[in-house]
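To keep things clear, I will list the structure first and then write my remarks on it.
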Amino acid sequence: NPGLGTLLVGSDPASLKYVAGKHRDCEEVGINSIRCDLPEDASEDEILAALQKLNNDPLCTGFIVQLPLPKGIDAQKVISSIDPAKDCDGMHPYNLGELVTHISGNITTPLPCTPRGILALLDEYGIELSGKEVCVLGRGITVGRTIGLLLTRRGVDATVTLCHTHTRNVQEIMRRSDVIIAAMGCAGFVKPEDIKPGVVLVDVGVSRVFDEEAGRYRVKGDVDSACREVAGAYSPNPGGVGPMTRAMLLANVVDMAERAANCK
988 NPGLGTLLVG SDPASLKYVA GKHRDCEEVG INSIRCDLPE DASEDEILAA
1038 LQKLNNDPLC TGFIVQLPLP KGIDAQKVIS SIDPAKDCDG MHPYNLGELV
1088 THISGNITTP LPCTPRGILA LLDEYGIELS GKEVCVLGRG ITVGRTIGLL
1138 LTRRGVDATV TLCHTHTRNV QEIMRRSDVI IAAMGCAGFV KPEDIKPGVV
1188 LVDVGVSRVF DEEAGRYRVK GDVDSACREV AGAYSPNPGG VGPMTRAMLL
1238 ANVVDMAERA ANCK
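Structure representation (structure tokens):
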């Protein structure tokens, strides 16, 4: 049976919310869930020990380490200590290496959830990517770098321009692009004047912006909402790719459970 584990360190409100949502998703679809919460002052050794328990737990077929980790903890060391066969997020160096080296054919290791969700969303709406100009804004490993690898695989065949904070003439690149995937974390960066009519916009950027009228912080995406008047298709944030990311996490858990069963 599939089983999703989560390892949370500290009490960051956003992280608590995300982890609780993952366990609700598991309950809704009938997947077992194992939750491991550690205090903010947990040492790196304590975190690694908890991680090893999940690695060894036969009821846990895949798990995630909720990021960010507290200051002073080597996140890369922690991620690298996950059993690659249980790496639900697809962020272990081995699994990323499989993605890099497999230009075509089936990939049997876990794929990063958000990029996998983006491709599933575009496919569901019949958006053709072959030969299209795709602008990816942001070079983080969670989305920017990994979505580029998936988009350029044989069978997808998009032409990708990866932009970042030092990219020159980024507005010109956006204006000629057929698809823009925004993952910068810069609220409202993409403006209507930066895009061409009919462009496909996928917003996965996350920024917390203080709303003076409401007196609290709100999550804002990278794409100005006015762009919907110009775009041919628009997936906003929040509310667009986020649910797809959660669905792909569960899909990874099920895939890994099936692989583990076939290896017995």
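The sequence shown maps to residues 988 to 1251 in the working numbering. Glycine is no exception: its CB is placed at the ideal position from the N, C-alpha and C atoms.
* To do: List the DSSP bridge partners of residue 1019.
  => The sequence position of residue 1019 within the sequence shown is 32, counting from 1. Looking at the DSSP assignment, residue 1019 forms a beta bridge with 990.
* Asked: Taking DSSP as the reference, what is the three-state secondary structure of residue 1222?
  -> Along the sequence shown, one-based indexing puts residue 1222 at 235. It is a strand residue.
* Apart from the five residues on each side of it in sequence, which residues of its chain come closer than 6 Å, Cβ to Cβ, to residue 1020? -> For the purposes of this step, residue 1020 is taken as residue 33 along the sequence shown, with counting starting at 1. For residue 1020, where only same-chain residues beyond five positions count, the Cβ hits under 6 Å are 991, 1010 and 1013.
* Please specify which runs of the alpha helix (DSSP H), each continuous and at least 4 residues long, are wholly inside the region 1053-1134, giving them in chain order. => 1062-1067, 1080-1088 and 1100-1111
* For residue 1035, the three-state DSSP class (helix, strand or coil) -> Translated into the one-based positions of the sequence shown, residue 1035 becomes position 48. In the structure shown, residue 1035 sits in a helix (DSSP, three-state: H, G or I).
* Span separating the alpha-carbon of residue 1041 from that of residue 988 -> Reading the sequence shown from its first residue, position 54 is the one you call residue 1041. Reading the sequence shown from its first residue, position 1 is the one you call residue 988. Cα to Cα, residue 1041 sits roughly 15 Å from residue 988.
* Secondary structure of residue 1040, DSSP reduced to three states -> Taking the first residue of the sequence shown as position 1, residue 1040 is located at position 53. Here residue 1040 sits in helix by DSSP.
* Asked: With a CB to CB cut of under 6 Å and the five nearest residues on each side skipped, what residues in its chain are close to residue 1220?
  -> Walking along the sequence shown from the start, residue 1220 turns up at place 233. Once the five neighbours on either side are set aside, the close Cβ partners of residue 1220 are 1187.
* Asked: Taking all protein chains shown into account, do 16 or more other C-beta atoms lie within 10 angstroms of the C-beta of residue 1055, making it buried, or fewer, making it exposed?
  -> Stepping through the sequence shown from its first residue, residue 1055 is reached at position 68. Exposed, because fewer than 16 other Cβ atoms sit within 10 Å of the Cβ of residue 1055.
* Asked: According to DSSP, which residues form a beta bridge with residue 1187?
  -> On the sequence shown, residue 1187 is found 200 positions in, with the first residue counted as 1. Bridge partners of residue 1187: 1166 and 1220.
* Over what stretch of residues does the beta strand (DSSP E) that includes residue 1148 continue unbroken? -> One-based indexing of the sequence shown puts residue 1148 at position 161. Residue 1148 -> beta strand (DSSP E) spans 1146-1150.
* **Contact set for residue 1146: own chain, Cβ-Cβ below 6 Å, skip 5 residues either direction** => Walking along the sequence shown from the start, residue 1146 turns up at place 159. The answer, listed in chain order, is 1120.
* **Contact belief for residue 1209 with residue 1108 at Cβ below 8 Å, rounded distance in angstroms** => Position 222 of the sequence shown holds residue 1209. Position 121 of the sequence shown holds residue 1108. Their Cβ separation, rounded to whole angstroms, is 16 Å, which puts residue 1209 and residue 1108 out of contact at 8 Å.
* Asked: When DSSP builds the beta bridges, which residues end up paired with residue 1176?
  -> As a position in the sequence shown, residue 1176 is number 189, starting the count at 1. DSSP lists no partner for residue 1176.
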